[in-house]
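Chemist: Protein chains in written order, with the numbering used here: chain X, 1 to 287; chain D, 288 to 563. Just so you know, even glycine gets a beta-carbon here, dropped at the ideal spot from N, CA and C. Here you go, one structure.
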């Protein structure tokens with residue numbers, strides 16, 4: 001069917017995209033690897049020679065490392081739990097017959113399209129500000145002392161902001177998955193007298209398991225890299241320094257390129273492990 | 288009997304879903320409302336919901352003081368330019384993978400996807416250094432290139448899934464009639480693929496518009512798009528809620544509207560065809 005000529009043409013047409021992505025992947029990656037084995041301080045003498053694995057050791061033994069791992073786990077884990085649980089409930093709700101379904105869908109999806117700097121700033125100032133924020137008004141209305149959200153409860157606040165951004169994504173994908181569920185199966189179960197909770201547990205949830213896995217993997221990859229939300233709200237203070245924010249600070253703020261690059265290599269390895277699981281699922285779907 | 292039960296259930300569903308929907312949408316609604324208030328009304332305790340003196344003043348102030356149009360123009364160029372460039376590069380690649388698949392097609396697709404997973408901080412300094420060396424720091428051109436590369440895997444994937452739905456027989460018929468490869472792509476494939484290409488453009492403009500790592504780290508005064516414009520409101524201007532709201536609304540309005548049209552493509556584009 002495909003001639004030899006069209007095969008070579010096809011290969012030629014693929015070349016620009018492949019070469020560009022290969023360059024985009026390899027050039028910075030090799031540079032990061034190179035710097036990670038050097039003592040490299042652009043503001044204090046520049047390239048000070050090879051140091052072997054010293055940066056790798058120093059990155060994981062620095063006092064900021066374990067807290068940042070903990071922060072990363074809390075943010076990623078917290079957001080995943082909230083968005084998946086609420087996402088499943090919302091998807092089931094939105095799948096029910098109702099009036100104005102299209103409009104409700106639009107309302108629910110909207111936060112996903114708000115740029116991260118806007119949502120971070122709107123939440124930080126207009127909702128979480130301890131004096132003029134809406135939450136402060138609400139707390140005072142009930143006679144409670146307003147909370148200093150981003151300093152006293154910095155991690156829960158961040159989890160809340162990021163969950164708000166990602167809930168639409170989880171909901172939309174889970175809703176798409178639910179809509180592909182065979183409704184006859186559910187009706188049959190209902191006729192047989194299976195209560196709602198059992199129908200959910202034995203029919204809906206297993207059907208959603210693949211979609212949930214995909215949401216978990218994709219969100220994890222994006223959540224590990226959240227930047228603007230921290231940059232705008234706390235700037236990494238009050239225990240909100242994630243692993244990627246720590247690397248950012250090492251590289252651009254303290255300009256310790258060797259140390260930051262070693263951290264970067266750790267981040268790349270971690271992301272690749274996660275990506276492998278995602279690839280396996282996506283790849284299965286290709287055949 | 289059965290019908291009345293459904294109506295009752297439908298009413299409960301409707302009330303519940305609208306309540307949840309409005310709750311989730313509330314921060315955006317509140318921002319929009321606040322943008323029309325005066326600064327004093329914006330921080331009033333108790334909050335004023337609808338009965339305030341509606342004013343457009345904040346919009347004109349934000350416009351005058353911070354040169355909003357320049358940031359907007361940067362966003363348009365960067366998001367639009369990177370997406371269009373990406374689509375131009377991706378169309379031939381997606382075409383060849385969809386219609387002349389080889390044993391390695393699947394591996395290449397998955398490999399492309401894996402480049403998307405590369406954490407940005409891991410390569411921040413190399414890119415930063417290259418930008419300085421090439422004089423691209425704080426230039427729109429540099430950001431167009433970087434955002435194009437970031438979104439290229441998604442663009443190729445989306446186009447690939449759309450192209451695969453086009454029956455190959457039509458292309459073969461065109462070939463039989465003597466169409467060259469170029470003619471085949473321009474006159475036969477492209478018209479059929481326009482809906483798919485449009486969806487791909489739409490979703491990737493949104494992603495590029497909202498990208499807030501490279502746009503914050505690689506720009507300063509010249510090439511800064513709206514993401515950086517808003518970040519500059521962090522303090523102390525951020526405490527002027529009405530102006531912050533007006534600036535926010537202007538930054539998100541175009542994309543919010545486009546986003547609502549792209550709901551379906553969103554699922555397809557962001558799950559790489561794994562959920563349809």
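(1) Look at residue 490/D and residue 445/D and say whether their C-beta atoms are less than 9 Å apart.
(2) Determine the extent of the alpha helix (DSSP H) in which residue 455/D is found, giving its start and end residues.
(3) 9 Å is my cut-off, CB to CB: does residue 558/D come that close to chain X?
(4) If contacts are defined as beta-carbon pairs under 8 Å, then residue 163/X and residue 128/X qualify, I think. What distance do you get, rounded to the angstrom?
(5) For a contact defined as C-beta to C-beta under 8 Å, what are the partners of residue 189/X on chain D?
(6) Check the C-beta distance from residue 345/D over to residue 461/D and give it rounded, since I have them as a contact under 8 Å.
(7) Between which residues of its own chain and residue 247/X is the CB-CB distance below 7 Å, once the five residues before and five after are set aside?
(8) Check the C-beta distance from residue 359/D over to residue 513/D and give it rounded, since I have them as a contact under 8 Å.
(9) With 7 Å as the C-beta to C-beta threshold (strictly closer), list the residues of the stretch 474 to 493 of chain D near chain X in chain order.
(10) Mind listing which residues of the stretch 101 to 115 of chain X have their C-beta closer than 9 Å to chain D's C-betas, in chain order?
(11) Using CA atoms only, rank isn't needed, just tell me which of 365/D, 453/D, 385/D, 441/D is closest to residue 555/D.
(12) Does the distance from the C-beta atom of residue 431/D to that of residue 28/X stay below 9 Å?
(13) How far does the alpha helix (DSSP H) with residue 357/D in it reach, from first residue to last?
(14) Going by C-alpha to C-alpha distance, which of 545/D, 521/D, 553/D sits closest to residue 118/X?
(15) Going by alpha carbons, who is nearest to residue 228/D out of 509/D, 527/D, 551/D?
(16) Between the beta-carbon of residue 153/X and the beta-carbon of residue 161/X, is there less than 9 Å?
(17) Quick check on the burial criterion: 16 or more other C-beta atoms within 10 angstroms. Buried or exposed for residue 495/D?
(18) Excluding the five sequence neighbours on either side, which residues of its own chain have a C-beta within less than 7 Å of the C-beta of residue 427/D, listed in chain order?
(19) Assuming residue 93/X and residue 307/D make a contact with CB atoms under 8 Å, what is their CB distance in whole Å?
(20) What does the alpha-carbon distance come out to for the pair residue 242/X and residue 55/X?
(21) Select from 30/X, 90/X, 120/X the residue whose C-alpha is nearest the C-alpha of residue 315/X.
(22) Identify each residue in the stretch 330 to 342 of chain D for which the Cβ-Cβ distance to at least one residue of chain X is less than 8 Å, and report them in chain order.
(23) List, in chain order, every chain X residue whose beta-carbon is nearer than 7 Å to that of residue 406/D.
(24) Taking 9 Å as the CB-CB limit, is residue 454/D close to chain X?
(25) Extract the residue ranges of the alpha helix (DSSP H) inside the stretch 399 to 460 of chain D, only unbroken runs of 4 or more that lie entirely within it.
Modeler: Result, derived from the coordinates:
(1) Position 203 of the second chain, counted from the start, is the residue given in the question as residue 490/D. Position 158 of the second chain, counted from the start, is the residue given in the question as residue 445/D. Yes, the pair counts as a contact, with Cβ atoms nearer than the cut-off.
(2) Taking the second chain and counting its residues from 1, the one referred to as residue 455/D is at position 168. Here the alpha helix (DSSP H) through residue 455/D covers 455 to 463.
(3) Taking the first residue of the second chain as 1, we reach residue 558/D at position 271. Chain X, which has a Cβ nearer than 9 Å to the Cβ of residue 558/D, makes this yes.
(4) Locating residue 163/X in the first chain gives position 163, where the first residue counts as 1. Locating residue 128/X in the first chain gives position 128, where the first residue counts as 1. About 14 Å separates the beta carbon of residue 163/X from that of residue 128/X, a gap too long to meet the 8 Å contact definition.
(5) Start at 1 with the first residue of the first chain, and residue 189/X comes out as number 189. Per Cβ cutoff of 8 Å: no residues; residue 189/X is ~17 Å from chain D at best.
(6) Position 58 of the second chain, counted from the first residue, corresponds to residue 345/D. Position 174 of the second chain, counted from the first residue, corresponds to residue 461/D. Rounded, the Cβ-Cβ distance is 56 Å, inconsistent with contact.
(7) Locating residue 247/X in the first chain gives position 247, counting from the first residue. Same-chain partners within the cutoff: 260, 263, 264, 267.
(8) Here residue 359/D corresponds to residue number 72 of the second chain, with the count starting at 1. Here residue 513/D corresponds to residue number 226 of the second chain, with the count starting at 1. About 6 Å separates the beta carbon of residue 359/D from that of residue 513/D, a gap short enough to meet the 8 Å contact definition.
(9) Correct list: 493.
(10) So the close ones are 101, 103, 104, 105, 106, 107, 108, 109, 110, 111, 112, 113, 114, 115.
(11) Translated into the one-based positions of the second chain, residue 555/D becomes position 268. The candidate whose alpha carbon is nearest that of residue 555/D is 441/D.
(12) Along the second chain, one-based indexing puts residue 431/D at 144. Along the first chain, one-based indexing puts residue 28/X at 28. Judged by beta-carbon spacing, residue 28/X lies beyond the 9 Å limit of residue 431/D, meaning their Cβ atoms are not closer than that value.
(13) Here residue 357/D refers to the residue found at position 70 when the second chain is read from its first residue. 355 to 386 is the extent of the alpha helix (DSSP H) around residue 357/D.
(14) The residue you call residue 118/X lines up with position 118 of the first chain. Ranked by Cα distance from residue 118/X, the first of 545/D, 521/D, 553/D is 521/D.
(15) Residue 228/D is absent from the structure shown; chain D starts at 288 and stops at 563.
(16) Position 153 of the first chain, counted from the first residue, corresponds to residue 153/X. Position 161 of the first chain, counted from the first residue, corresponds to residue 161/X. Contact: no.
(17) Position 208 of the second chain, counting from 1, holds the residue named residue 495/D. Burial call: buried.
(18) The count along the second chain starts at 1 and reaches residue 427/D at position 140. Within its own chain, the residues whose Cβ lies closer than 7 Å to the Cβ of residue 427/D, once the five positions on either side in sequence are excluded, are 361, 364, 365, 510, listed in chain order.
(19) On the first chain, residue 93/X is found 93 positions in, with the first residue counted as 1. On the second chain, residue 307/D is found 20 positions in, with the first residue counted as 1. Yes, residue 93/X and residue 307/D are in contact; Cβ-Cβ is about 7 Å, under 8 Å.
(20) As a first step, residue 242/X must be located in the first chain, where it is residue number 242. As a first step, residue 55/X must be located in the first chain, where it is residue number 55. Cα-Cα distance, rounded: 19 Å.
(21) The first residue shown for chain X is 1 and the last is 287, placing residue 315/X beyond what the model contains.
(22) Residues of the stretch 330 to 342 of chain D whose Cβ lies closer than 8 Å to any Cβ of chain X, in chain order: 330, 332, 333, 334.
(23) As a first step, residue 406/D is located in the second chain; it is residue number 119 there, counting from the start. Simply 224, 225, 244, 267, 268, 271.
(24) As a position in the second chain, residue 454/D is number 167, starting the count at 1. Cβ-Cβ to chain X under 9 Å: no for residue 454/D.
(25) Complete alpha helix (DSSP H) runs here, min 4: 411 to 420, 427 to 451.
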